[in-house]
Each structure stands twice: as structure tokens, then as C-alpha cells.
Amino acid sequence: MNTQPAILSPRLTRTFMEHLKRRSRATLGTGRNVSPGAARLERMLNEALDAVAREVRPKVMYRMLPVRSLTGKSIRTDAGAVKSVKLARLAQNCRGDVFVVFVIATLGEAFEDLYRRETSLSGQFIIDAVGSECAELVTDGWNNKWNSLIKRRGHECSLRFSPGYCDWKLEGQTVIFGALDADAIGVTLTKDYLMIPAKSISAVALAAKKVPAAAPCAFCRSRSCPWRRMEFTGVP
Amino acid sequence: MTGTGPTVERIKNAAKSRDAQVLEQCLAGAAHEGIPAMQVRDLLFGELESVRKRLMSNDTSIPEFLLTLDCVLDGLDRIRSYPGFTPRVDCTVVIGVVEGDPHDLGKNVIAGIYRACGYRVIDLGRNVPREAFTKAVRDEGAVLLALSAMMSTTMVVMRNIIRDARILTPAAKIIVGGAPLSAELARDYGADTYAESALTVIEKTEEVLAR
């Protein structure tokens with residue numbers, strides 16, 4: 002399995018932009034065409050989408066590393082340890098050699114410029130929402146490609162996990178940034194573990210011959226968790 | 111004197127339709143017809159209040175509210191120089207996002223709401239060093255310090271800023287807000303109050319300034 006870092010430059014195709022528009026509308030709660038500002042908001046959304054398509058060039062960097070050791074509390078790789086009991090439990094129940102894939106996706110400085118150029122509050126809100134959705138979709142796109150690649154090699158892959166969610170502290174950013182030279186795609190980490198540019202996503206996913214569940218939610222009993230991504234199944 | 115003619119109706123309608131360009135024309139007409147600036151100010155504020163209440167009852171969306179806010183701010187900027195204009199309140203607020211935090215959208219919205227409600231706003235921006243807050247409160251004679259943080263890793267510096275403010279600018283009240291905060295954390299940090307959203311920030315502010 003390849004462990005060298007790779008960089009992708011995904012294109013914002015027409016299909017991607019249409020999907021982004023739908024997602025942005027849903028996030029913004031607009032597009033129902035019943036409110037006094039509906040036409041204006043739709044125009045602003047279209048302008049924001051046009052600007053993103055014209056100026057933003059997303060980058061994705063990823064790398065897969067083998068798991069060196071597993072404890073009940075962490076997953077150790079050559080880049081450092083992913084300290085999450087929930088994720089470690091998922092890794093412990095994978096079959097065959099287990100790998101961690103590290104990924105950072107960013108909309109880059111061009112998006113920050115777009116946001117900074119916008120002076121109205123409604124415009125800032127719209128462009129910010131479009132940026133958040135765009136970063137998610139870019140990462141989803143990588144995720145889909147990665148899953149297909151892994152599948153072709155006879156492996157399975159979990160969903161992606163980001164530091165700051167579930168029981169993985171934000172400090173976990175240092176492991177991802179230890180695995181990837183994010184400078185190569187223009188992303189830096191602040192001392193407070195925030196990524197600059199802000200519209201960036203960092204995550205890990207597990208890969209193995211058999212991954213028992215897409216997410217540790219499958220065996221987590223915290224039913225009120227707002228980030229639950231799948232039902233409790235009791236697996237493993 | 112109070113204007114009641116078609117221009118007043120047009121101002122109301124322009125504000126309702128969130129159309130800043132039409133509003134600009136109406137305001138020019140209002141000045142020409144001698145409609146009091148205070149009446150226009152109250153009309154604009156009334157529309158903002160109405161949309162805020164609709165948003166609180168989920169009858170409109172956040173972008174609609176912000177569109178109204180933009181329109182009202184634009185209108186207020188235009189009538190500020192009209193004879194007889196005075197702001198609704200005579201208070202200065204210092205606002206900023208704490209050091210290490212680049213997220214300023216929430217702070218920008220709150221600053222906009224303060225301005226629309228008549229407060230004089232000193233906006234320090236984002237990633238503001240600790241000392242800059244108390245310096246601005248002292249230099250500008252602010253009665254309120256509003257602190258924003260969007261991350262759990264950056265909100266902790268609020269405690270130090272609040273400690274500084276209690277010593278250096280004890281008369282100023284302190285309000286905090288941002289995604290990772292809660293009323294309990296705000297109390298723990300020593301703030302006077304916590305605003306959970308842009309919709310409640312003015313009520314919380316008025317409440318704390320009245321104490």
C-alpha cells in the first residue's frame with residue numbers, strides 16, 4: 002500500500018457546482034421564493050458560486066501509513082498517535098493489517114480573499130456558507146475516490162474523522178500535520194490548532210481488509226450525540 | 111413634526127423589501143420633504159425589530175434577517191448627517207474576536223446589530239491581542255466590552271481579558287458569545303452576561319447595562 006503523500010487538485014465541475022448550490026441553499030434556508038428578499042438572496046448566492054468557480058482552486062493532500070501498534074486508547078503510526086478510544090476500538094476490530102489515511106483538504110487563500118472582499122453581512126454569511134459546503138464536498142469527493150481505490154485493492158475504509166469531534170481532541174491536529182507537509186498545499190496550523198486558511202478540513206480514516214463499521218457510532222451508546230452518523234448496532 | 115405621506119410609505123416598503131437602492135432614493139426624498147430624521151430612524155429600526163421577531167419564531171431565515179440588517183445600516187448611515195438625527199442610545203461598545211481566533215463573521219453580525227440599535231461601536235477586528243481590549247475600553251470611554259470566540263481552544267483567553275478589564279476598566283460591563291460558550295462558562299470566566307445569539311444580544315445588553 003502506498004504511503005507516499007499525494008496531492009490532488011479537484012476541479013469544480015458543473016455537476017459539483019450544481020450540487021454545491023443545492024447544499025448551500027439547504028444550509029442557508031433560502032430558495033423557497035416566498036420571502037421579500039428571496040430573489041436578491043438567490044442572486045447573491047449565484048454570484049458567490051460564480052466567484053468560487055472562477056477563483057477557488059481546491060487542493061487535497063493525503064497519505065496512508067500502517068498502524069504500528071494499537072492500545073485501547075490510541076492508534077500509533079510513524080506520524081504519531083491518534084488518541085481516541087472510540088476510533089482505537091474500531092481499529093482493534095478491523096481484520097488484517099490496519100492503515101490510517103491522513104487527509105487535508107483546503108479551498109486555499111483565494112477563498113479567504115473572496116470572503117474579505119465582501120463587505121455586507123448578508124454577503125459574508127452567504128459566501129461563508131458556500132465555502133463551508135464547498136470544503137465538505139471537496140473532501141467528500143476525495144473520500145469517494147479513495148474508497149473506490151481501496152476497494153479495488155480488496156480493502157474497506159471507514160468514514161473520515163476530524164480532531165475536535167467525538168473523543169478526539171483538537172490537539173490531534175498535530176498528528177495529521179505531522180504526517181503531511183501541509184505547507185505544500187498552503188495550509189498552516191496555529192498554536193491553537195486552527196487551520197489557516199479557515200476553509201480547510203483535516204481528517205483520518207481507517208483502512209483494512211475488513212472494517213467492522215463505518216464509524217464508531219455503531220458501538221457507541223451516546224444516543225443524544227448531535228454528531229451521530231449511524232445507528233447503534235452493537236458492533237463489534 | 112411627523113411625516114405621513116407617500117414617502118414614509120415608500121421608506122417602509124423599501125425596508126420591508128430589503129432594497130437598499132430604493133431606500134436610498136426614498137431617504138433623499140425624505141430629506142427634501144423635511145421628514146424628521148428621527149422618524150426615519152425609528153421606521154428603519156421598527157422593520158429590523160419586526161424581522162428579528164420573525165426570525166425568533168422561525169418565520170424567516172438568517173440571510174433574510176441579515177439582508178434587512180444591511181439595508182437598515184445603509185439607511186442609518188445615510189440619515190446620520192441629517193439635521194436633528196441622534197442615535198437611539200448613547201453608549202460605546204468595544205467588540206473583538208480574541209487572540210488566535212480568525213473567525214469574525216459572528217462578531218461582524220453582532221457589531222452590525224449594535225450599530226443598527228444606535229450604539230457607537232469600536233470594532234477591533236479578529237485575532238485581537240489581550241491588552242488591546244482594555245486599552246480601547248479606556249480610550250473610548252466604552253460602557254460595554256463584547257468578546258467573541260468560535261473555538262474551544264481560543265475561548266480560554268477570555269478569562270484573562272475579563273480579569274484585566276475588572277482591574278483596569280471596572281465600570282465596563284462584559285458580554286461574551288460564540289459557538290463553544292455557554293451561560294455557565296461565561297459566569298465561570300467572570301463575564302456579566304452571555305449572549306447565545308445575535309437575536310438576543312441587545313436584550314442581554316440592555317439588561318446588563320441597567321444593573
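Taken in sequence, the protein lines are chains A and B. Positions 2 to 237 (our numbering) are the ones given, in order, by the first sequence. Positions 111 to 321 (our numbering) are the ones given, in order, by the second sequence. Every residue, glycine too, gets a C-beta built ideally from N, C-alpha and C. On a predicted model such as this, the values are computed, not experimentally measured, just so you know.
Inset, instruction - Return no unless some Cβ of chain A is closer than 7 Å to the Cβ of Asp-180 (chain B). - result: Yes, its Cβ sits closer than 7 Å to a Cβ of chain A.
Inset, instruction - Go ahead and label Ile-277 (chain B) buried or exposed: buried means 16 or more other beta carbons lie within 10 angstroms of its beta carbon, across all protein chains shown. - result: If you draw a 10 Å sphere on the C-beta of Ile-277 (chain B), you find fewer than 16 other C-beta atoms in it, and that means exposed.
Inset, instruction - Along the beta strand (DSSP E) that carries Leu-66 (chain A), what are the first and last residues, could you check? - result: Element bounds for Leu-66 (chain A): 60–67.
Inset, instruction - Find the residues of chain B that neighbour Leu-138 (chain A), judging by a C-beta separation of less than 7 Å, and give them in chain order. - result: In chain order: nothing, as chain B lies at least about 20 Å away.
Inset, instruction - Measure the alpha-carbon distance for Gly-251 (chain B) versus Ala-289 (chain B) and round it to whole angstroms. - result: Between Gly-251 (chain B) and Ala-289 (chain B), the C-alpha separation is close to 28 Å.
Inset, instruction - Quick one: using the 10 Å Cβ neighbour count with 16 as the cut-off for buried, is Arg-64 (chain A) buried or exposed? - result: That one is buried.
Legend entry - Pair within 7 Å by beta-carbon distance, Asp-168 (chain A) and Lys-74 (chain A): Not in contact: Asp-168 (chain A) and Lys-74 (chain A) (Cβ atoms no closer than 7 Å).
Legend entry - Helix, strand or coil at Met-268 (chain B) according to DSSP, with G and I counted as helix: Met-268 (chain B) falls in the helix class under three-state DSSP.
Inset, instruction - Report all residues from its chain with a CB closer than 6 Å to the CB of Val-57 (chain A); omit the five preceding and five following residues, and keep chain order. - result: When the five nearest sequence neighbours on each side are left out, the beta carbons in the same chain lying within less than 6 Å of the beta carbon of Val-57 (chain A) are those of Leu-108, Ala-111 and Phe-112, in order along the chain.
Legend entry - Given Ala-138 (chain B) as reference, the closest of B:Tyr-304, B:Asp-180 and B:Asp-187 once Cα atoms are compared: Residue B:Asp-187 is the option with its Cα nearest to Ala-138 (chain B).
Inset, instruction - Would you verify that the beta carbon of Ser-238 (chain A) is, or is not, closer than 7 Å to some beta carbon of chain B? - result: There is simply no residue 238 (chain A) to check, as chain A begins at 2 and stops at 237 in what is shown.
Legend entry - Cβ contact (3+ pairs, closer than 8 Å) linking the segment 189–198 of chain B and the segment 160–172 of chain B: Contact between the segment 189–198 of chain B and the segment 160–172 of chain B is absent, because fewer than three Cβ pairs lie under 8 Å.
Legend entry - Close-in-space but distant-in-sequence residues of the same chain around Val-231 (chain B) (CB under 7 Å, 5 per side omitted): So the list reads Val-203, Ile-205, Ala-221, Tyr-224 and Arg-225, once near-sequence residues are dropped.
Inset, instruction - Report yes if the C-beta distance between Asp-298 (chain B) and Ile-284 (chain B) is below 7 Å; otherwise report no. - result: Taking a C-beta distance under 7 Å as the contact criterion, Asp-298 (chain B) and Ile-284 (chain B) do not qualify as a contact pair.
Legend entry - Alpha carbon of Trp-228 (chain A) to alpha carbon of Cys-218 (chain A), nearest angstrom: Each residue's alpha carbon lies about 9 Å from the other.
Legend entry - Every unbroken alpha helix (DSSP H) inside the segment 121–191 of chain A [4 residues or more]: Segments of the alpha helix (DSSP H) lying fully in the segment 121–191 of chain A: 122–153 and 174–180.
Inset, instruction - Out of A:Leu-181, A:Val-188 and A:Pro-213, point me to the one whose CA is closest to Leu-160 (chain A)'s CA. - result: Comparing Cα-Cα distances from Leu-160 (chain A) to each of A:Leu-181, A:Val-188 and A:Pro-213, the minimum goes to A:Pro-213.
Inset, instruction - Specify the secondary structure class of Ile-285 (chain B) as computed by DSSP and reduced to three states. - result: It is a strand residue.
Inset, instruction - At 8 Å on the CB atoms, spell out the chain A contacts of Arg-128 (chain B), in chain order. - result: Close to Arg-128 (chain B), with beta-carbon spacing below 8 Å, are these residues of chain A in chain order: Pro-37, Gly-38 and Arg-41.
Inset, instruction - Could you tell me which uninterrupted beta strand (DSSP E) segments, each at least 3 residues in length, are contained entirely in the segment 183–235 of chain B, listed from first to last along the chain? - result: Taking only runs of at least 3 residues, the beta strand (DSSP E) segments lying wholly in the segment 183–235 of chain B are 202–207 and 230–233.
Inset, instruction - Name, please, each residue of chain A whose Cβ falls closer than 8 Å to the Cβ of Ile-172 (chain B). - result: Neighbours of Ile-172 (chain B) on chain A, chain order: Leu-29, Gly-30 and Phe-126.
Inset, instruction - Measure the Cβ-Cβ separation of Asp-211 (chain B) and Met-261 (chain B) and say whether it is below 7 Å. - result: A contact, by the Cβ cut-off of 7 Å.
Legend entry - Euclidean distance between Cα positions of Ala-281 (chain B) and Val-253 (chain B): Taking the straight line from one Cα to the other gives about 7 Å.
Inset, instruction - Reducing DSSP to helix, strand and coil, say where Val-73 (chain A) ends up. - result: Here residue 73 (chain A) is Gly; the residue named in the question, Val, does not match the sequence. DSSP places Gly-73 (chain A) outside both helix and strand once states are collapsed to three, so it counts as coil.
Inset, instruction - Taking only beta-carbon positions, decide if Ala-199 (chain A) is within less than 7 Å of chain B. - result: Chain B contact via Cβ: present.
Legend entry - Under the three-state DSSP convention, the category Val-104 (chain A) falls into: In this structure, Val-104 (chain A) counts as strand in the three-state DSSP scheme.
Legend entry - Interface partners of His-213 (chain B) on chain A, CB under 8 Å: What His-213 (chain B) touches in chain A: Ala-199.
Inset, instruction - Report the option in A:Ala-52, A:Ala-130 and A:Leu-13 whose CA atom is closest to the CA atom of Leu-29 (chain A). - result: Answer by Cα proximity: A:Ala-130.
Inset, instruction - Measure from the alpha carbon of Cys-135 (chain A) to the alpha carbon of each residue in A:Ser-123, A:Pro-37 and A:Leu-21, then state which is nearest. - result: Measuring from the Cα of Cys-135 (chain A), the nearest candidate turns out to be A:Leu-21.
Legend entry - Under 9 Å by beta carbon: chain B residues contacting Tyr-194 (chain A): Going along chain B in sequence order, the residues near Tyr-194 (chain A) (Cβ under 9 Å) are Met-261 and Thr-263.
Legend entry - Per-residue contacts from Ser-121 (chain A) into chain B (C-beta, under 7 Å): Simply Asp-180.
Inset, instruction - Could you say which of A:Arg-118, A:Arg-55, A:Tyr-166 and A:Thr-234 lies nearest to Arg-12 (chain A) if we only look at CA atoms? - result: Of A:Arg-118, A:Arg-55, A:Tyr-166 and A:Thr-234, the smallest CA-CA separation from Arg-12 (chain A) is found for A:Arg-55.
Legend entry - Buried or exposed by the 16-neighbour rule on C-beta atoms within 10 Å, applied to Thr-120 (chain A): By the neighbour-count criterion, in which a residue is buried when 16 or more other Cβ atoms sit within 10 angstroms of its Cβ, Thr-120 (chain A) is exposed.
Inset, instruction - Using the Cα positions of Lys-122 (chain B) and Ser-36 (chain A), report the straight-line distance between them to the nearest angstrom. - result: About 16 Å.
Inset, instruction - Quick one: measure Cβ to Cβ for Val-101 (chain A) and Leu-138 (chain A), integer angstroms, because I've assumed they're closer than 8 Å. - result: The C-beta separation of Val-101 (chain A) from Leu-138 (chain A) comes to about 23 Å, leaving the pair out of contact by the 8 Å criterion.
Legend entry - Minimum C-alpha distance to Ala-40 (chain A) - residue among A:Val-53, A:Leu-115 and A:Arg-26: If we check each option's Cα against that of Ala-40 (chain A), A:Arg-26 comes out closest.
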